[in-house]
Ligand code: NAD
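Residue numbers (this note's numbering): 37 to 531.
What follows is the structure, encoded as structure tokens:
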């Protein structure tokens, strides 16, 4: 059985708390590893080392920092396949999807390579006579990231690349369910020339998280995970004087207008609803079908589901892998039962699909005639379950989306440019797709939802990431009049 250690002071570090957590291969259901769960004392040790490292690292020149980032970028690209395989072996998502996750993470490293430009301040000459004013951005010191199971490579890179580029030391507390990707990334940071202690990994659960949230030497916390924990992290972290950006859960709606291309919308619903077994914060979980398109759209989605190949993510023929744990699979199956009991029409039942015998698999489920009071509508299921709500008009569909407490992503499918523009103007959601089902911003735009999908006022990565990991300082400067200088400047004073 693999022993999964922390990474502190630039090296693998055995846990000393005596507490461990199980790590599974979800495709077989077998336990493959044991991860050390940090005590408060172990977290404090990592933070103390990070604090010393941060003092040195903030003095490193911008060219040195970008040299390390470029080297890390090259190493990450060279190890992308290996990293994707680790993700598949502990998360379960298919290898091509895991490779996509690594590619999205890599884009954040590429963005951060431009730190000399990104961190520039402003300058105002002669703000008053003989007085100049300029602004600079400085690192915060030690910052922490707490990340979810569903993107064990990409989400840590959303945070670490910018945090480190800005001159901070970064302490990562990854999900204990799929912890190994973080350790390969730690090795690559070291090989890239990052000084020991600037990137650390402490595995753990609630005890580690509470220690991070209350530690006086941690200046900022970036969190991604479910809404109840995001709210707790935001409230506790800010009450302890920290900057916090806490991204929460989602219930993403895809609004399909009567003029949409049915085939294109059905393809999009299938890939965005069932990709990564629905375990994506940007997964589409509700299709809002407006008017007459509902019938043909439900038929078109249903027709595609028997062709979806469910299997081990390491098998190149698989299109959808298992869920993260057996417990989660049972929870998702429970929602299907609850939907049927409350009156939803089960068009395709994933519980009856032909599935591999071992592992945490569940087939794709399609529910029609879902109403907003059913638990399959109100709750984030985080599994391969797509709910169709029928709406009478564009306005009804829009009102439904705007009434939802989650507001991470949404999409509209239509051929009408005016309708699409009205939607992007009116919808109260942080990320909007127009004929694009998963509107994930690229690394040079920041990522984040609204309402219960994000606590805090800064979105993650991109320009807002640079702002989050630095604080502004404004310098007002006056020098003695040159005519009074003891140095002969060799030219007459003109002003
Ligand atoms: P989670 O909230 O259970 O865990 C996230 C992190 O919090 C993990 O590191 C975990 O160890 C820690 N944690 C869990 N319970 C805790 C507790 N009681 N006290 C302190 N810390 C605790 O989330 P998850 O199941 O790992 O990930 C799935 C969730 O993340 C979904 O809700 C999904 O929508 C969300 N997510 C959101 C985004 C986004 O960008 N908004 C991106 C990815 C995932």
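Using N, Cα and C, we set each Cβ at its ideal position, and we do this for glycine too. Here the structure is a predicted model, which is why all the values come from computation and not from measurement.
One Cα belongs to residue 132, the other to residue 509, and the distance between them is close to 44 Å. Using a cutoff of 8 Å, the CB of residue 37 does not count as near the ligand NAD, since none of the ligand's heavy atoms is closer than that. Looking at the DSSP output, residue 248 bridges to nothing. Taking residue 81 as reference, the option from 305, 290, 316 and 254 with the minimal CA-CA separation is 254. For residue 257, DSSP records a beta bridge to 180 and 280.
Less than 9 Å separates the beta-carbon of residue 62 from that of residue 360.
Counting only runs of 3 or more residues that sit fully inside the stretch 298-327, the beta strand (DSSP E) segments are 320-326, in chain order.
With at least 16 other beta carbons inside 10 angstroms of its own, residue 420 counts as buried. Rounded to the nearest angstrom, the Cβ distance from residue 236 to residue 207 is 5 Å, consistent with a contact under 8 Å. Runs of the beta strand (DSSP E) lying entirely within the stretch 360-447 and spanning at least 3 residues, in chain order: 381-384, 401-404 and 421-427. Among the bridge pairs identified by DSSP, residue 56 is matched with 72. The continuous stretches of alpha helix (DSSP H) do not include residue 515, and DSSP gives it neither H nor E. Taking each of 158, 187 and 265 in turn and checking the Cα distance to residue 125, the smallest one comes out for 187.
For residue 289, the enclosing beta strand (DSSP E) starts and ends at 288-292.
Inclusion of residue 316 in the 8 Å shell around the ligand NAD follows from its C-beta lying nearer than that to a non-hydrogen atom of the ligand. Contact between residue 213 and residue 248 fails: their C-beta atoms lie close to 18 Å from each other, not under 8 Å. Proximity to residue 462 across 471, 475 and 448 peaks at 448, based on C-alpha coordinates. Here DSSP, grouped into helix, strand and coil, assigns residue 236 to strand.
Around residue 304, the same chain offers 473 as residues with beta carbons nearer than 6 Å, after the five sequence neighbours per side are excluded. Distances between the C-beta of residue 241 and the heavy atoms of the ligand NAD include at least one below 8 Å. Its chain contains 322, 375, 380, 412, 413, 423, 424 and 425 as the residues whose beta carbon lies nearer than 8 Å to that of residue 406, once the 5 sequence neighbours on both sides are disregarded; these appear in chain order. Residues of the same chain with a CB within less than 7 Å of the CB of residue 456, apart from the 5 flanking positions on each side, are 448, 450 and 470 in chain order. For residue 161, there is no enclosing alpha helix (DSSP H); the residue is found in the beta strand (DSSP E) stretching over 159-164.
In this structure, the straight-line span from the alpha carbon of residue 354 to that of residue 347 is close to 5 Å. Across the structure, residue 517 and residue 523 are spaced so that their CA atoms are roughly 11 Å apart. Taken from the Cβ of residue 212, at least one heavy atom of the ligand NAD lies inside 8 Å. Put simply, of 295, 337, 332 and 511 the residue whose alpha carbon is nearest the alpha carbon of residue 454 is 295. For residue 195, the distance from the CB to the nearest heavy atom of the ligand NAD is not below 8 Å. For residue 122, the uninterrupted alpha helix (DSSP H) run begins and ends at 116-127, by DSSP.
Under the DSSP assignment, residue 268 falls in the alpha helix (DSSP H) whose first and last residues are 263-275. Assignment of beta-bridge partners to residue 496 by DSSP yields 483. Taking C-beta atoms as the reference points, residue 443 and residue 464 count as a pair closer than 9 Å.
In terms of Cβ geometry, residue 51 and residue 239 form a close pair [threshold 9 Å]. Measuring C-alpha to C-alpha distances from residue 146 to each of 384, 479 and 116 identifies 479 as the nearest.
When only Cα atoms are considered, residue 520 and residue 170 end up about 24 Å apart.
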